[in-house]
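Peer 1:
Numbering (full-length UniProt numbering), first residue to last: 1 to 344.
Laid out in structure tokens, this is it:
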């Protein structure tokens, strides 16, 4: 028995059990993983029926056979997680109503969803109006049954969404209850017949829990896709920016390469110019050395010239003295004779 089935059964006994009830009959009582019997009040006569003997089974009933209980002999009939496996659950429903005393209650829990789980067959799922259909089916068979409440329970931790219904067999008095199951457990598509007359619809919903979950997931996916689209646009914009930056870097790299080439050319030209300057400096040094030598030579020549000029001045002075001397004048005739001799 799954979690929500166990809880809904507990709420049924809390809300609907009356002090004058003494007997309970359960169809599908084999204890696989939990029992409805646990929720029955102490001291009650509890009759468990199933198609195989085993724990929780008091009477074995072959599928399709009448229940081995007298008409109008039971106060409360319960069945949970059974009708989905029953090839003709509508007949079983009538059998459960048959054994109820007038004014007796039938609690039905069957899955409205969930995976296939054969035991030995899995034939049916129950939608919100299934309780109304069963009441109409009983009426066609001449049996008056009222729907006290029905609903689709919220999906539990084990994944089930239960169809839960409480029926009252026509009889004296009115329905007695302490609240309703749908008022104490999360429920949708509620039909409430507690006030008498046609059941009143509440919390109508066309989508199952799975559909809502899928819609929620789709909405989440759409939000995620939208967020991803924004991120993608962001990414594309950043990629475009990076591409532009890469292009700019490429342009700047080319410009830098050109500048580096120009700088290399200028460096080479500068080196050549430096070599020329060095050569010219050497030539200038050579010229300066030559000029220094020439200056030294000129100085020496000037000194010699000064000496020569001084010697010349001395000689001229001496010559003047000689020419002006008496002896030069007295020897003039003799020099004339000598010149003629030399000529002759």
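For every residue, glycine included, the Cβ atom is placed at its ideal position computed from N, Cα and C.
Bear in mind the structure is a predicted one, so any value in this text is a computation, not a measurement.
How would you label residue 260, buried or exposed, when you count the other beta carbons within 10 angstroms and need 16 or more for buried?
Peer 2: Exposed: under 16 other Cβ atoms inside 10 Å.
Peer 1: Excluding five sequence neighbours on each side, which residues of the same chain lie with their C-beta closer than 6 Å to the C-beta of residue 10?
Peer 2: The answer, listed in chain order, is 39.
Peer 1: Which of the three DSSP states, helix, strand or coil, is assigned to residue 125?
Peer 2: Looking at residue 125 - three-state DSSP - the assignment turns out to be coil, as it is neither helix nor strand.
Peer 1: What do you get for residue 119, buried or exposed, if any count of 16 or more other CB atoms within 10 angstroms of its CB means buried?
Peer 2: Residue 119 should be labelled exposed.
Peer 1: Using CA coordinates, which residue listed in 27, 188, 311 and 84 is at the minimum distance from residue 53?
Peer 2: Selected option, being the one with the closest Cα: 27.
Peer 1: Would the beta-carbon of residue 100 fall within 8 Å of that of residue 72?
Peer 2: Yes, the Cβ-Cβ distance between residue 100 and residue 72 is below 8 Å.
Peer 1: Quick one: Cα of residue 263 to Cα of residue 256, how far?
Peer 2: About 10 Å.
Peer 1: So what does residue 146 bridge to, in DSSP terms?
Peer 2: 168.
Peer 1: Note down the Cα distance separating residue 326 from residue 320, rounded to an integer number of angstroms.
Peer 2: Using only the alpha carbons, I get a separation of about 12 Å.
Peer 1: Measuring CB to CB, does residue 157 end up less than 8 Å from residue 147?
Peer 2: For residue 157 and residue 147, no; Cβs fall outside 8 Å.
Peer 1: For residue 168, count neighbouring C-beta atoms within 10 Å of its own C-beta (all shown protein chains included) and say buried if the count is 16 or more, exposed if not.
Peer 2: So residue 168 counts as buried.
Peer 1: Provide the residue(s) that pair with residue 80 in DSSP beta bridges, ordered along the chain.
Peer 2: In the DSSP output, where bridge partners are listed per residue, residue 80 has 109.
Peer 1: What residue does the alpha helix (DSSP H) around residue 181 start on, and which one ends it?
Peer 2: First-last for residue 181: undefined, no H or E at that position.
Peer 1: What do you reckon, are the CB atoms on residue 110 and residue 163 nearer than 8 Å?
Peer 2: Yes, the Cβ-Cβ distance between residue 110 and residue 163 is below 8 Å.
Peer 1: Cβ of residue 8 within 8 Å of Cβ of residue 214?
Peer 2: For residue 8 and residue 214, no; Cβs fall outside 8 Å.
Peer 1: Going straight from the alpha carbon of residue 93 to that of residue 13, what length do you get?
Peer 2: Roughly 20 Å separates the two Cα atoms.
Peer 1: On the DSSP bridge assignment, give the partners of residue 61 in chain order.
Peer 2: For residue 61, which the question treats as bridged, DSSP gives no partner whatsoever.
Peer 1: Consult DSSP for residue 289 and reduce its assignment to one of helix, strand or coil.
Peer 2: It is helical.
Peer 1: Identify, in the order they occur along the chain, each residue of the same chain with its Cβ nearer than 7 Å to the Cβ of residue 17, setting aside the five sequence neighbours on each side.
Peer 2: Once the five neighbours on either side are set aside, the close Cβ partners of residue 17 are 41.
Peer 1: Quick one: what does DSSP say residue 21 is sitting in, helix, strand or coil?
Peer 2: Of the three classes helix, strand and coil, the one that applies to residue 21 here is coil, per DSSP.
Peer 1: In whole angstroms, what separates the C-alpha of residue 143 from that of residue 137?
Peer 2: Approximately 9 Å, taken between the alpha carbons.
Peer 1: For residue 105, tell me which candidate among 50, 74 and 49 has the shortest Cα-Cα distance.
Peer 2: Nearest option by C-alpha distance: 74.
Peer 1: One question on the structure: do residue 185 and residue 203 come within less than 8 Å of each other, judged by their Cβ atoms?
Peer 2: Going by C-beta atoms, residue 185 is not nearer than 8 Å to residue 203.
Peer 1: Which residue's Cα is closest to the Cα of residue 55: 269, 62 and 33?
Peer 2: Comparing Cα-Cα distances from residue 55 to each of 269, 62 and 33, the minimum goes to 33.
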